[in-house]
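Okay, structure first, notes after.
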Amino acid sequence: MDQGEECDDGNDDDTDACQPNCTLSRCGDGVVRQDRQEGEEGFEACDDGNDVPGDGIDDTCDPDCTVVDAPEADDHGNDAETASTLRLGVPIEGQLDAGDDLDYFGFDVEEEATFDVVVTSELPLGCRLEDALANPQDEQQSDPEREGRCEMVARLEAGQRYYVIVYVQEGNLATYSITITARDEARCGNAVIELGEDCDDGNVEGGDGCDAECRFEALCGNGVVEAGEECDDGNEAVGDGCEACQNVEIVLCGNNRIDDGEACDDGNNDEGDGCDAECQIEGGGNPECGNGVLEAGEACDDGVNGNNDDGCDDQCQLVGNPNDDHADEMAEATQIAAPSSTAGVIEVGNDVDWFRLTLEEEGTWDLHTTGDLDTRCWLHDADGEEVAFNDDLDFLDNTNCGMVRRLAAGTWYFRIESFDVDVGDYNLVVAVSEEPIDEDDHGNDIEGATAVEVPSTTAGQLEVGGDVDVFSFTTGEAGQYRMHTTGDLDTYCLALDGDGESLGANDDAWNIFDPDLPGNLGVNCGVVSQFEAETTYYFHVEGLNGDVVGDYETHIAFLGGGGGVLDPCDGIVCQEGEICVEGDCVEEGGENDPCRDVACPDGQECVGGACVGGGGGGDEGGTICSVTENIFAPICSGCHSGANPSGGLALGADAAANFDALVDVESSAGMSYVTHGNVFDSYLVYKLRGTMAELEACNNNQCGSQMPMGGGDLDAELMLDLEFWIESFDLRECLPPPNP
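If you use our numbering, the sequence shown corresponds to residues 693 to 1432, in order.
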């Protein structure tokens, strides 16, 4: 080492302990040392060339060459008031801190449309879509199998504001990107059934059942009677009464059975054999037992009159039907083994053969016929209830019937008939299924239910006909919960209590998301139910019929409620042409429809016999100013004013004070005086409505008297003002809204 040198390591590497100018490396020299590990003396995580923090050169490096803790990178609000603006087609980057951080994004909908919201992140996160009243429209979690995408799709109304909330999962810090787009309106041919479309098969070609305008078109053979068709039996067969989708006279003569208008039937249409081609006795004679021709009044004719031991007596009536190989009634069904192969005969056109099999344990079984006889078959449970039906095994085998089913241990019945009063031999095969069946992904009963969280999205599969999937979940708060499926599978579902008893069931439930859509639209099922807090419930999913197999997703979400009074119509799905009134489905416009004779002003609609919407108190209807001026001040202030009101609650002329006194403040009834967005969970509504049935037993009769004093309902128009304010907090240049 020469004079003037602090060090000399024989190299010109500036990232070690000695700089090329033979001075010792130090923090602040602008070079990050690479020869030290974290924890060793002299280790540098950064070096911005000075020892001044916050100097604008590198605000992430402290004077001791350690990294400054970086603040959250985004500037997105944590509530609706501070939400960032989300614009169509413009991606926004964001970051969530570890813990319970969430980001709000708001956007306004100018025209009604279907919107796609996509949030992409490398780490798990959740996304939720709400309207301005915090009513959920959709909620999902990121899918690691789809590049961490959290995707939501919803049909949103024009003139409304909506919010997207992004929140952390598993306590991770996560960066993400969010984008919202609007779909093309009802674009026929995109394979998505949208509003205004009956169908969408992915093309704009006619002749396939869905025309170029995405409307159902008449297609002979699809099993649906449509315009220009007299019938449609789902096939192109002749001689079955429906040919080319037009009714034709069925020619039954020659089927070896006496039908209406026939005097005989010898199984052919030949002349000169005693029974002519019209199934009338040749020569005009009368029925003659023993001539070998089945004639009117005869159940059989074997041509051997006098032998009563051959199954046909001397009166041409059956004796014990010895030719029938298997019973015609379930109670006398032929017992067969599993697995087994059993020969059978349909002796006459209307013959039925019943079989009984007993399974020792649950399994997947293949039951089908073989042979040249065109058969149809049914599966029944031990009580005789029909479980499944099949005519043709598949497209290439339109003769034999059969099914592959997962069957529980116990007794089952199998019924076989011919398709078109045919007669002949067949063979019934009962075998363990050799088809590849996926392992059952979810339990078939509440004991084997798959446990899921709330909220959650869970993939499911009905692997084989008759499969059932059951999911269990435990509630947090009391209130409304929504359970539904998505996908192309036609599902049927039930909400079950802890004992497995049904709390609600549904087949098609699009209107649990959009009340303007008919309840029978689509294939997915859904149930909305009121559940107790911290209680285990079950969601049961199965196919609509025994032949439904495939993939689906189930979604479980908490809608809110907090233990308040539930609208009796929440979760009720009525048929087309019906509406829900007090929990019952009644005919829309019928005598039980409370809106049948109600005419509402423009801008309002009848709900439950009253006109709602737009407020009833003039230009400021539905605002806290209007409520105070028209209700609180003139009606309530006699008892509810001053520093110590005799009524216990101050409702003076100062509207601002009423927010703190009413909104989310618990009353003696155990519910808030006013709950934002929910008149059914607002104590003030019950007091003013005079619905004392809910109040008389309230909290040991400590809930006070009806208001106004003396009884009687509040003026209907003023009541609408109050309810509209509670539902919307629509203040319209009055006062700042409360923080619900």
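We put the CB at the ideal spot given by N, CA and C, even for glycine.
As the structure is a computational prediction, the values presented were derived from the model and not from experiment.
Tell me, to the nearest whole angstrom, how far the beta carbon of residue i is from that of residue j; I am working on the premise that it is less than 8 Å.
i: residue 815; j: residue 859; result: The pair is not a contact, with the Cβ atoms about 12 Å apart (cut-off 8 Å).
i: residue 1283; j: residue 1269; result: So it is not a contact: roughly 14 Å between Cβ atoms.
i: residue 846; j: residue 830; result: 5 Å
i: residue 1106; j: residue 1049; result: 7 Å
i: residue 957; j: residue 971; result: 5 Å
i: residue 1028; j: residue 1122; result: 6 Å
Using CA atoms only, rank isn't needed, just tell me which of the options is closest to residue i.
i: residue 1117; options: 896, 1366 and 1039; result: 1039
i: residue 964; options: 974, 1034 and 733; result: 974
i: residue 713; options: 696, 1193 and 728; result: 696
i: residue 1080; options: 1062, 1375 and 1104; result: 1104
i: residue 1053; options: 1047, 1070, 1100 and 1019; result: 1100
i: residue 1177; options: 1223, 1156 and 1232; result: 1232
i: residue 1188; options: 1224, 1048, 1200 and 1159; result: 1224
i: residue 1155; options: 1196, 1137, 1096 and 1148; result: 1096
i: residue 651; options: 798, 1051, 1297 and 1416; result: The shown model of the chain, from 693 to 1432, leaves out residue 651, and the question about it has no answer.
i: residue 803; options: 754, 873 and 866; result: 873
i: residue 836; options: 861, 739, 857 and 827; result: 861
i: residue 867; options: 789, 1357 and 1252; result: 789
i: residue 1134; options: 1234, 1147, 1063 and 1051; result: 1234
i: residue 1200; options: 1191, 1218 and 1190; result: 1218
i: residue 839; options: 849, 824, 817 and 851; result: 817
i: residue 688; options: 1145, 1182 and 1180; result: Residue numbering for the chain in the displayed model covers 693 to 1432; residue 688 lies beyond these limits and cannot be assessed.
i: residue 1166; options: 1229, 1216 and 1197; result: 1229
i: residue 800; options: 824, 813, 811 and 787; result: 824
i: residue 1153; options: 1236, 1241, 1098 and 1191; result: 1241
i: residue 1380; options: 1358, 1364, 1414 and 1370; result: 1414
Using a Cβ-Cβ cutoff of less than 7 Å, which residues in the same chain neighbour residue i once the five nearest sequence positions on both sides are dropped?
i: residue 1066; result: 1091, 1110, 1111, 1112 and 1114
i: residue 844; result: 809, 819, 821, 830 and 832
i: residue 1193; result: none
In the structure shown, what three-state DSSP assignment does residue i receive?
i: residue 774; result: helix
i: residue 1363; result: coil
i: residue 816; result: coil
i: residue 837; result: helix
i: residue 1171; result: strand
i: residue 705; result: coil
i: residue 1258; result: For residue 1258, the pLDDT reaches just 45, beneath the cut-off of 50, and the residue's location in the model is therefore unreliable, although a value from the coordinates is still provided. If DSSP states are grouped into helix, strand and coil, residue 1258 belongs with coil.
i: residue 1427; result: In this predicted model, residue 1427 has a pLDDT of only 47, less than 50, meaning its place in the structure is not dependable; the value taken from the coordinates is given anyway. DSSP places residue 1427 in coil when its eight states are reduced to three.
i: residue 1111; result: coil
i: residue 757; result: coil
i: residue 1091; result: coil
i: residue 1069; result: strand
i: residue 735; result: coil
i: residue 1151; result: strand
i: residue 1211; result: Residue confidence for residue 1211 is low, a pLDDT of 45 falling below 50, so the modelled location carries little weight; the figure read from the coordinates is stated next. Of the three classes helix, strand and coil, the one that applies to residue 1211 here is coil, per DSSP.
i: residue 697; result: coil
i: residue 922; result: coil
i: residue 1321; result: helix
i: residue 902; result: strand
i: residue 1326; result: helix
i: residue 1022; result: helix
Can you check DSSP and say which residues form a bridge with residue i?
i: residue 1050; result: 1103
i: residue 1028; result: 1049
i: residue 710; result: 716
i: residue 1412; result: In the DSSP output, where bridge partners are listed per residue, residue 1412 has none listed.
i: residue 1143; result: 1164
i: residue 1220; result: 1174
i: residue 1060; result: 1094 and 1121
i: residue 1251; result: In the DSSP output, where bridge partners are listed per residue, residue 1251 has none listed.
Cutting at 8 Å between CB atoms, please list the residues of its own chain near residue i, excluding the five before and the five after it.
i: residue 730; result: 737
i: residue 1124; result: 1031, 1055, 1056, 1057 and 1058
i: residue 880; result: 889, 892, 896, 904, 905 and 906
i: residue 1388; result: In this prediction, residue 1388 scores a pLDDT of 45, lower than 50, which makes its location untrustworthy; no coordinate-derived value is stated.
i: residue 716; result: 698, 699, 709 and 710
i: residue 1076; result: 1022 and 1105
i: residue 923; result: 917, 933, 934, 937, 938 and 939
i: residue 770; result: 793, 794, 795 and 796
i: residue 652; result: Given a span of 693 to 1432 for the chain in the structure shown, any question on residue 652 remains unanswerable.
Suppose the cutoff is 6 Å on Cβ atoms and the five residues either side in sequence are ignored; what does the same chain contact list for residue i look like?
i: residue 741; result: 722
i: residue 1035; result: 1119
i: residue 1136; result: 1160
i: residue 1151; result: 1245
i: residue 1367; result: 1373 and 1374
i: residue 1250; result: 1146 and 1173
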